[in-house]
Amino acid sequence: MQLNPDVPTHVCPNCCNNRAVVFYQVDQLPIHTVQLLRSRQEALDAPLGNITLGFCHTCGFITNLSFDPDTLQYNNNYDNTRRHSHTFSGFEKELAVYLVNRYALHGKTILEIGCGQGEFITTLCEIGNNVGVGFDPAFVRQRSSVGLTSQAGITFIQDVYSEKYANYRGDFVVCKMTLEHLPETAVFLNMMRRAIEPKANLELETILFFQVPNTRHLLNEVAFWDIHYEHCSYFTPASLGYLFRQHNLEILDLYTGFDDQYIMIEARPANGRLSTPHPNEEPLEELADDVVHFTKIYPQKLSYWRNAISEWRARGQKVVLWGAGSKSVSFLTTLGITTTHLKYVVDVNPRKIGTHIAGTGQKIISPQFLEIYRPDIVIVMNPIYQDEVRHTLYELDLTPQIIGV
Ligand SMILES: [Zn+2]
Numbered sequence: 001m002q003l004n005p006d007v008p009t010h011v012c013p014n015c016c017n018n019r020a021v022v023f024y025q026v027d028q029l030p031i032h033t034v035q036l037l038r039s040r041q042e043a044l045d046a047p048l049g050n051i052t053l054g055f056c057h058t059c060g061f062i063t064n065l066s067f068d069p070d071t072l073q074y075n076n077n078y079d080n081t082r083r084h085s086h087t088f089s090g091f092e093k094e095l096a097v098y099l100v101n102r103y104a105l106h107g108k109t110i111l112e113i114g115c116g117q118g119e120f121i122t123t124l125c126e127i128g129n130n131v132g133v134g135f136d137p138a139f140v141r142q143r144s145s146v147g148l149t150s151q152a153g154i155t156f157i158q159d160v161y162s163e164k165y166a167n168y169r170g171d172f173v174v175c176k177m178t179l180e181h182l183p184e185t186a187v188f189l190n191m192m193r194r195a196i197e198p199k200a201n202l203e204l205e206t207i208l209f210f211q212v213p214n215t216r217h218l219l220n221e222v223a224f225w226d227i228h229y230e231h232c233s234y235f236t237p238a239s240l241g242y243l244f245r246q247h248n249l250e251i252l253d254l255y256t257g258f259d260d261q262y263i264m265i266e267a268r269p270a271n272g273r274l275s276t277p278h279p280n281e282e283p284l285e286e287l288a289d290d291v292v293h294f295t296k297i298y299p300q301k302l303s304y305w306r307n308a309i310s311e312w313r314a315r316g317q318k319v320v321l322w323g324a325g326s327k328s329v330s331f332l333t334t335l336g337i338t339t340t341h342l343k344y345v346v347d348v349n350p351r352k353i354g355t356h357i358a359g360t361g362q363k364i365i366s367p368q369f370l371e372i373y374r375p376d377i378v379i380v381m382n383p384i385y386q387d388e389v390r391h392t393l394y395e396l397d398l399t400p401q402i403i404g405v
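In terms of our numbering, the sequence shown opens at residue 1 and continues consecutively.
Now the structure itself:
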């Protein structure tokens, strides 16, 4: 694609070409969005970072050029589990069954990089009678429901996966919702590729399965609440496919799921086989149009939400958000919505109840609290949970207006 020579360009960490151009800037977003913050003050004092998104005109990758990995700490206070949602755990179970069947994962060894509290690798091991090793610096045995009940055959290593663990070999390597947290995606894939290189004396051929958020969805929906400091890398099917092909991996499948919100890729070392683009990799021109669409509609979206929140307040209507994850943090901070305008965010994860939203300080409450608070409007941060939210409200005998973002 042609670039305007007057526009400054930056090096893309996905393809290493100097063809990334800035299209989005937002300053002072909380660095950590899913840490448990015990007081409002702690939430208001949460460290902030800037976001400067660059779009690469060679591979379609989007990166936060202002990202500083040294500011991030994935410690024990990090809680990103969504297993309390039926919608989410249903999706995970279905995916695990699909992968076990597709790759005949029975009596095999599975590795998971960024395994969280180990729910997914445990499901894969239980369904197929497999053994496995999960890596995650935020893994806490006491907190993991699987760490206590289902340790047979699964080892958890509370550390970031790196070169030093290359001696752990697996038939199947899972890496879900992790690559978007890594700034140097080409460096990481290069390490992975070397770690799974087939050994001459081994029959083992490792299959890779990666899942990342789908940035095409973000661009099309102008979902600015899906832009987080912790996510420094933003993929579409094209840039994910490009990355895998560049590292001599054959793409076995590339598809989206969870209402188009995630991209899944399945691959294996190409080793002589052709590593051709997958039909689901979109043309770069289409993607560039999506970026233009995002920048054009973004100011309108900001005005729409700011006006809506002000109007509801003027009418004395009580508004809550549903879902105290990263989406709420970006939504509230980008729009500058303080506790004066919106006091509470609902979540179904019991560990989050009573803690506060980073940056803007809203208190996180349980659905049951709504019986007392009786909101007029509930904004559901992820439309996929809308039915689940509606059902919960119905059971609580509440009938607020439900709005999706
Ligand atoms: Zn690139």
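We put the beta carbon where it would ideally sit given N, CA and C, even for glycine. Computed from a prediction, not measured in an experiment: that's the story for all the values here.
Which same chain residues, not among the five before or five after residue i, have their C-beta less than 7 Å away from its C-beta?
i      : result
Pro69  : Pro183
Tyr255 : Met264, Asn280
His247 : Leu189, Asn190, Arg193
His450 : Residue 450 cannot be examined here, being either before or after the span of the chain that is shown, 1 to 405.
Tyr338 : Sequence inspection shows Thr at residue 338; the Tyr mentioned does not correspond to that position. Cβ neighbours of Thr338 beyond the five flanking positions: Thr360.
Gly170 : Thr109, Ile110, Leu111, Thr206
Thr9   : Leu3, Asn18, Arg19, Ala20, Val21
Glu163 : Met191
What is the rounded straight-line gap between the Cα of residue i and the Cα of residue j?
i      : j      : result
Phe139 : Val319 : 34 Å
Ala231 : His181 : This sequence places His at residue 231; Ala is not what is there. Roughly 5 Å between the two C-alpha positions.
Arg207 : Val97  : It is worth fixing the name first, because residue 207 is Ile in this sequence and not Arg. One C-alpha to the other measures close to 16 Å.
Gln117 : Leu37  : 19 Å
Phe238 : Gly257 : Per the sequence shown, residue 238 should be read as Ala rather than Phe. Between Ala238 and Gly257, the C-alpha separation is close to 16 Å.
Pro400 : Ile121 : 38 Å
Ile402 : Ile251 : 40 Å
Asn17  : Phe61  : 11 Å
His356 : Leu72  : 19 Å
Arg273 : Gly128 : 29 Å
Phe244 : Leu3   : 25 Å
Ile157 : Glu205 : 23 Å
Arg374 : Leu335 : 24 Å
Pro299 : Lys343 : 25 Å
Ala267 : Leu249 : 6 Å
His32  : Arg351 : 17 Å
Asn349 : Leu179 : 24 Å
Pro283 : His293 : 16 Å
Would DSSP call residue i helix, strand or coil?
i      : result
Gly336 : coil
Phe135 : strand
Phe235 : strand
Asn220 : helix
Glu395 : helix
Tyr385 : helix
Arg19  : coil
His356 : strand
Leu179 : helix
Asn214 : strand
Arg471 : Nothing about residue 471 can be read from this structure; the chain reaches only from 1 to 405.
Glu250 : strand
Ala489 : Because the chain is modelled from 1 through 405, residue 489 falls outside the range shown and cannot be assessed.
Gln300 : helix
Asp27  : strand
Would you call the CB atoms of residue i and residue j closer than 8 Å?
i      : j      : result
Pro137 : Val160 : yes
Gly323 : Val380 : yes
Phe135 : Tyr165 : yes
Thr185 : Arg216 : no
Leu29  : Gly49  : yes
Pro277 : Ile196 : no
Val212 : Met177 : yes
Gly114 : Cys125 : no
Thr58  : Cys15  : yes
Val11  : Val21  : no
Ile377 : Ser366 : no
Tyr325 : Val34  : This sequence places Gly at residue 325; Tyr is not what is there. Cβ distance < 8 Å, so Gly325 and Val34 count as in contact.
Ile372 : Val345 : no
Thr295 : Tyr103 : no
Asn214 : Tyr262 : yes
Ala46  : Ala288 : no
Thr63  : Ser233 : yes
Pro198 : Asn271 : yes
Lys301 : Asn382 : no
Glu388 : Ser85  : yes
Phe67  : Val291 : no
Kindly list the residues whose CB is nearer than 6 Å to the CB of residue i, restricted to its own chain and excluding five residues on each side of it in sequence; keep chain order.
i      : result
Leu218 : Asp226
Phe331 : Trp225
Asp259 : Ile384
Glu42  : none
Trp408 : Past the boundaries of the shown model lies residue 408; the chain is included only from 1 to 405, so the question cannot be answered.
Arg40  : His356, Gly361
Going along the chain, which residues of its own chain have a beta-carbon closer than 8 Å to the beta-carbon of residue i, five neighbours each way excluded?
i      : result
Thr123 : Glu92, Lys93, Ala96
Leu396 : Pro367, Gln368, Leu370, Glu371
field: Residue ranges of each beta strand (DSSP E) within the stretch 31 to 107, 3 or longer
entry: Counting only runs of 3 or more, we get 48 to 56, 62 to 64.
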